[in-house]
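Participant: These protein sequence lines are chains P and B, in that order. Going left to right, the first sequence walks through residues 1 to 272 as the working numbering numbers them. Going left to right, the second sequence walks through residues 1 to 232 as the working numbering numbers them. Cβ atoms here follow ideal geometry from the backbone N, Cα and C, with glycine treated the same way. Keep in mind the model is a prediction, meaning the values are calculated, not measured.
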Amino acid sequence: MSAMEMTNVTKQFFKRAFSEDKRYDGRKLLDLNTVEIEYGVSNKAEGSARVKLGKTEVIAGVKLAISEPYPDSQDKGSLIVSGDLLPLASPRFELGPPGFDGIEIPRLVDRMIRESGMIDFKKLCIKEGEKVWTVFIDVYPINDDGSLLDAAGIAAVAALKNATMPALDKSGVIDYDAKTKEKLPISKETLPLSLTFYKLGNSILLHPTREEQEACDTKVTFGGSHWNGVLMINSCQKGWETTFTADEINHMMDVFPKKYEELHKKVMEALK
Amino acid sequence: MAVKRASGRKADEMREMTAKVGVIPNADGSASFSFGNTIAIAAVYGPRQLHPQHMQNPSTGILRVTYDLLSFSVSDRKKPGPSRRSQEISKVIEWALLPVLDLKEFPNTVIDVQVYIPQADASTRVAAINAAALALAHAGIPMRDLVSAVSVGKLDKDLVVDVDKNEEDFHEGEGPTDFPMAKIANRNEFTLLQLDGKIQPELVKKAIVMGQKACNEIYAVQQKALKEAIST
Chain P
1 MSAMEMTNVT KQFFKRAFSE DKRYDGRKLL DLNTVEIEYG VSNKAEGSAR VKLGKTEVIA
61 GVKLAISEPY PDSQDKGSLI VSGDLLPLAS PRFELGPPGF DGIEIPRLVD RMIRESGMID
121 FKKLCIKEGE KVWTVFIDVY PINDDGSLLD AAGIAAVAAL KNATMPALDK SGVIDYDAKT
181 KEKLPISKET LPLSLTFYKL GNSILLHPTR EEQEACDTKV TFGGSHWNGV LMINSCQKGW
241 ETTFTADEIN HMMDVFPKKY EELHKKVMEA LK
Chain B
1 MAVKRASGRK ADEMREMTAK VGVIPNADGS ASFSFGNTIA IAAVYGPRQL HPQHMQNPST
61 GILRVTYDLL SFSVSDRKKP GPSRRSQEIS KVIEWALLPV LDLKEFPNTV IDVQVYIPQA
121 DASTRVAAIN AAALALAHAG IPMRDLVSAV SVGKLDKDLV VDVDKNEEDF HEGEGPTDFP
181 MAKIANRNEF TLLQLDGKIQ PELVKKAIVM GQKACNEIYA VQQKALKEAI ST
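1) Please classify Phe-72 of chain B as buried or exposed, where buried requires at least 16 neighbouring CB atoms within 10 angstroms.
2) Measure the alpha-carbon distance for Arg-114 of chain P versus Arg-77 of chain B and round it to whole angstroms.
3) Counting only C-beta atoms, is Ile-233 of chain P closer than 7 Å to chain B at any point?
4) For a cutoff of 7 Å on Cβ pairs, would you count Phe-35 of chain B as touching chain P?
5) Which residues in chain P sit within 7 Å of Ile-199 of chain B, going by Cβ to Cβ distance?
6) With distances taken Cα to Cα, identify the nearest neighbour of Ala-284 of chain B among B:Ser-75, B:Gln-56 and B:Ala-27.
7) In the DSSP assignment, find the beta strand (DSSP E) that holds Ala-178 of chain P and state where it starts and stops.
8) State the start and end residues of the unbroken alpha helix (DSSP H) segment that holds Tyr-112 of chain P.
9) Phe-106 of chain B to Lys-165 of chain B, Cα distance in whole Å?
10) If you measure between the beta carbons of Phe-136 of chain P and Ile-66 of chain P, is that distance less than 7 Å?
11) Taking only beta-carbon atoms, is Asn-8 of chain P less than 7 Å away from chain B?
12) How many Å lie between Asp-68 of chain B and Glu-94 of chain B at the Cα?
13) Tell me where the alpha helix (DSSP H) around Phe-13 of chain P begins and ends.
14) Is there a Cβ from chain B that is less than 7 Å from the Cβ of Thr-242 of chain P?
15) From Thr-60 of chain B to Met-143 of chain B, what does the alpha carbon distance come to, in whole angstroms?
16) Counting only beta-carbon atoms, is Glu-88 of chain B nearer than 7 Å to chain P?
17) Tell me, please, whether the CB atom of Asp-196 of chain B is closer than 7 Å to any CB atom in chain P?
18) Suppose the cutoff is 7 Å on Cβ atoms and the five residues either side in sequence are ignored; what does the same chain contact list for Ala-45 of chain P look like?
19) So, for Pro-47 of chain B: in the same chain, excluding its five sequence neighbours on each side, which residues have a beta-carbon less than 8 Å away from its beta-carbon?
20) Any beta carbon from chain B within less than 7 Å of Glu-115 of chain P's own beta carbon?
21) Closest by CA to Glu-189 of chain P, which one among P:Leu-231, P:Ala-152, P:Met-165 and P:His-207?
22) Would you mind telling me which residues of chain P sit closer than 9 Å to Asp-76 of chain B, beta carbon to beta carbon, in chain order?
23) Interface residues of chain B around Trp-133 of chain P at Cβ under 9 Å?
24) Do Val-126 of chain B and Ala-149 of chain B have their beta-carbon atoms positioned less than 7 Å apart in this structure?
25) Could you pull the DSSP bridge partners for Asn-143 of chain P from this structure?
26) Between the Cα of Asn-37 of chain B and those of B:Lys-79, B:Gln-53, B:Tyr-116 and B:Asp-121, spot the shortest distance and give me the residue it belongs to.
27) Could you check whether the Cβ of Asn-188 of chain B sits closer than 7 Å to any Cβ belonging to chain P?
28) Name the DSSP beta bridge partners of Glu-189 of chain B, please?
29) Is it the case that the Cβ atoms of Ala-214 of chain B and Val-147 of chain B are separated by a distance below 7 Å?
30) At which residue ranges does the region 115-157 of chain B contain complete alpha helix (DSSP H) runs of 4 or more residues, listed in the order of the chain?
31) Quick check: Phe-179 of chain B and Val-152 of chain B, are their CB atoms within less than 7 Å of each other?
32) So Lys-91 of chain B is in the alpha helix (DSSP H); what residue range does that whole segment cover?
33) Determine the chain B residues that contact Glu-189 of chain P at a beta-carbon separation under 9 Å, and present them in chain order.
34) Check whether the Cβ of Ile-62 of chain B lies closer than 7 Å to any Cβ atom in chain P.
35) I think Ser-194 of chain P touches Gly-223 of chain P, with their Cβ atoms under 8 Å apart; what is that distance to the nearest whole Å?
36) For Lys-53 of chain P, tell me which candidate among P:Arg-210, P:Asp-217, P:Lys-170 and P:Ser-225 has the shortest Cα-Cα distance.
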């Protein structure tokens, strides 16, 4: 498989198909892809998950460490999301320092989870001003067939739900091998999920394959979750070089709640 | 509205804006823009030869934006040098400006936009976009239109325009939401959308309308600054 740039002819083909609400795999433009989740990617991680979104596959692992709190939040633990687009997952990924996509994906996953309030950071404080838990979530793609960010978000959330606290020995040092059964302080009701809308011409679609995604001109990601029973948008980021009109934004806001609930159901079923 | 803004501003009231074009003599184009205490300065260099060569594009010139906070612009000194935050913001500013630029006439070249924040009181990325758009126009780069940007916020349940630091740190009820956006001045098209916080989808629609109105005010300030630069 080579990493060639898409030809104009292919792009025109996609444009025409999308305008008729058609896709290669038989889905309609706003149809979601299949979601599968497994746990136990690494028994050394405090929690881990493998997510398949269509043919896209991402693994995520949670590690916990003890550190000093940040100066502006003395009584709160912290969250650090990182990741790397390993050349293992696609001929399009290259060795070397992270490119923009490699920075954007963890940052957007971080914001989606943080702003949803899923993690109770105050409960991650061990001793105020001195010791707090830092939650590291690292996401790695294993196979990129598009919608990597949305898949990475599901993997990160699944790994968090799967994670348990490591034990502390008498002197307060972590014993990573002695795992407890205690879960992380996360809300059971809150399930942050992102949906990225891709646009080609006047068509807007969800969960594109890598090829569909490459044909598109622009994209915008919305992360959402329930807060006191109300669906909230927690994060948003538009990318790429063309625009969204006000009407298109309104349309996406009409579509989002329905699609979020649909994805929520799929993920909850896959989480079992 | 239920929440009173600490600044005493009305919900749809912007901070005082200033804009000035031609602030850096060495640059091909330059401008400063401020929302109250948030100041952005921008310089444009180019079109010029692009190095490294492998980044050159024979079908078009490219835009390269560098945004950052200066070390003394915030309360806790910001460590100099690029961070994940500054790299992300640089990229979204690039995307915010590209839709109005026509760089096809400058193949293999780069247009460098440097935007820095000497003093920050929130809304820095949108101030940076307003300054950068002015600097590009001042440099005479072919543009279809200007870009104007603003940050709409939500404090608990109420929408407000042009968020300041005090409001960014608001922590009651539904908490703070920061919703920076940029739009093409004379079209209803958005070139930047970012968001952090908690906001219902229906309120996103209202925030967009509020942002449109604010961007019109910003556009007027930008136009005035450009006219002043020509007449003097």
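Facilitator: For this structure:
1) Answer is exposed; the Cβ neighbour count stays below 16.
2) When only Cα atoms are considered, Arg-114 of chain P and Arg-77 of chain B end up about 24 Å apart.
3) yes
4) no
5) Met-232 and Ile-233
6) Outside the displayed range of chain B (1 to 232) lies residue 284 of chain B, so it cannot be described from this structure.
7) First-last of the beta strand (DSSP E) with Ala-178 of chain P: 174-183.
8) Sequence check: residue 112 of chain P is Met here, not Tyr. From DSSP, the alpha helix (DSSP H) with Met-112 of chain P extends over 100-116.
9) 40 Å
10) No, these two residues do not count as a Cβ contact at 7 Å.
11) no
12) 13 Å
13) Membership of Phe-13 of chain P in the alpha helix (DSSP H) is indicated by the continuous run 8-19.
14) yes
15) In this structure, the alpha-carbon of Thr-60 of chain B lies about 14 Å from that of Met-143 of chain B.
16) Chain P has a Cβ within less than 7 Å of the Cβ of Glu-88 of chain B.
17) yes
18) Gly-61, Val-62 and Lys-63
19) Gly-61, Leu-103, Phe-106, Thr-109, Val-110, Ile-111 and Ile-141
20) yes
21) P:Leu-231
22) Under the 9 Å cutoff, chain P gives Pro-71 and Asp-72.
23) Residues of chain B passing the Cβ test: none, with the nearest at roughly 22 Å.
24) yes
25) P:Glu-57
26) B:Asp-121
27) yes
28) P:Thr-245
29) no
30) 124-138
31) yes
32) 84-97
33) Among the residues of chain B, none has a CB under 9 Å from the CB of Glu-189 of chain P; the nearest is roughly 14 Å distant.
34) Output row for Ile-62 of chain B: interface = no.
35) 4 Å
36) Correcting the residue identity first, residue 53 of chain P is Leu in this sequence and not Lys. The shortest C-alpha separation from Leu-53 of chain P is found at P:Arg-210.
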